[in-house]
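Q: First, the structure itself, so that you have it in front of you.
In our numbering, the protein residues as written are 81 to 274.
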């Protein structure tokens with residue numbers, strides 16, 4: 081998969097993750113430990129380090145590998161040029177499916193400023209118009225009111241609950257699934273925020 085150019089709207093941008101982002105992301109995750117812990121994936125065996133407690137270099141390498149294989153598109157979220165979060169497109173499928181899943185987080189110090197909805201809209205518009213995908217899905221824990229507001233602002237369709245879907249913060253957690261198709265997007269999701 082070809083690396084996308086910078087995606088930007090106003091003060092918010094998405095840029096493909098690079099090795100130089102490993103240290104800023106580790107630092108950001110460490111500072112946001114309490115803010116993010118409830119939403120982060122964990123290994124069911126209890127193995128694995130907390131994000132931010134170890135080097136992010138292996139994670140960045142893995143994400144870059146997914147990009148080269150065409151199975152994912154890893155972005156950092158920028159606000160005024162500063163790394164303030166991460167947005168990952170995963171499970172990119174071609175063939176008859178033409179779909180992807182999307183996950184994201186932003187630092188607590190910029191939460192509530194409309195950064196996440198813009199970042200998500202930029203990513204989905206890219207997936208529909210540049211990669212030609214048909215459907216994008218976002219799964220969110222029902223307790224995550226901030227992320228639920230993002231999909232509400234963008235008008236994504238609720239598809240129902242997936243019980244015990246992902247191992248998060250030490251247990252199997254339910255997630256509500258939201259989706260949008262290219263036809264439903266009306267041309268641009270970014271336009272829904274205007």
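We put the beta carbon where it would ideally sit given N, CA and C, even for glycine.
A quick note: this is a predicted structure, and the numbers were derived from the prediction, not measured.
For the putative contact between residue 139 and residue 247, defined by C-beta atoms under 8 Å, what is the C-beta separation to the nearest angstrom?
A: At roughly 17 Å, the Cβ-Cβ gap does not stay under 8 Å, so residue 139 and residue 247 are not in contact.
Q: If you draw a straight line from the alpha carbon of residue 239 to that of residue 143, how long is it in whole angstroms?
A: Taking the straight line joining both Cα atoms gives about 28 Å.
Q: Just checking my contact of residue 201 with residue 269 at CB under 8 Å: how many whole Å lie between their CB atoms?
A: With a Cβ gap of about 4 Å, residue 201 and residue 269 count as contacting.
Q: Classify residue 81 as buried or exposed, calling it buried when 16 or more other Cβ atoms lie within 10 Å of its own Cβ.
A: Label assigned to residue 81: exposed.
Q: Within the region 193-238, note down every full alpha helix (DSSP H) run reaching 4 residues or more, in order along the chain.
A: If we require 4 residues or more, the alpha helix (DSSP H) runs fully inside the region 193-238 come out as 195-209 and 225-234.
Q: Counting beta carbon pairs with one atom in the region 97-116 and one in the region 223-233, are three or more of them shorter than 8 Å?
A: Not touching, per the Cβ criterion.
Q: Of the choices 178, 194 and 227, whose alpha-carbon is the least far from that of residue 214?
A: For residue 214, the nearest C-alpha among the options comes from 178.
Q: Using CA atoms only, rank isn't needed, just tell me which of 137, 224 and 183 is closest to residue 101.
A: Nearest of 137, 224 and 183 to residue 101, Cα basis: 137.
Q: I need the boundaries of the alpha helix (DSSP H) containing residue 140, first residue and last residue.
A: Residue 140 -> alpha helix (DSSP H) spans 137-149.
Q: Contact between the region 155-169 and the region 84-96: three or more CB pairs below 8 Å?
A: Segments in contact, yes.
Q: Out of 190, 183 and 212, which one is the CA nearest neighbour of residue 111?
A: Measuring from the Cα of residue 111, the nearest candidate turns out to be 190.
Q: Take residue 253 and list the residues in its own chain whose beta-carbon comes closer than 8 Å to its own, dropping the five residues that flank it on each side.
A: Excluding positions up to five away in sequence, the list reads 221, 244, 245, 246 and 247.
Q: Just how far apart, CA to CA, sit residue 300 and residue 162?
A: Since the first residue of the chain shown is 81 and the last is 274, residue 300 is not available in this structure.
Q: According to the Cβ coordinates, are residue 147 and residue 83 closer than 8 Å?
A: Yes.
Q: Whose CA, out of 168, 219 and 188, lies closest to the CA of residue 199?
A: With distances taken between Cα atoms, residue 199 lies closest to 168.
Q: Among the candidates 159, 170, 186 and 206, whose CA atom is the shortest distance from the CA of residue 85?
A: Of the candidates 159, 170, 186 and 206, the one whose C-alpha sits nearest the C-alpha of residue 85 is 206.
Q: Tell me, please, whether the CB atom of residue 161 is closer than 8 Å to any CB atom in chain B?
A: Included in the structure is just one protein chain, with no chain B present.
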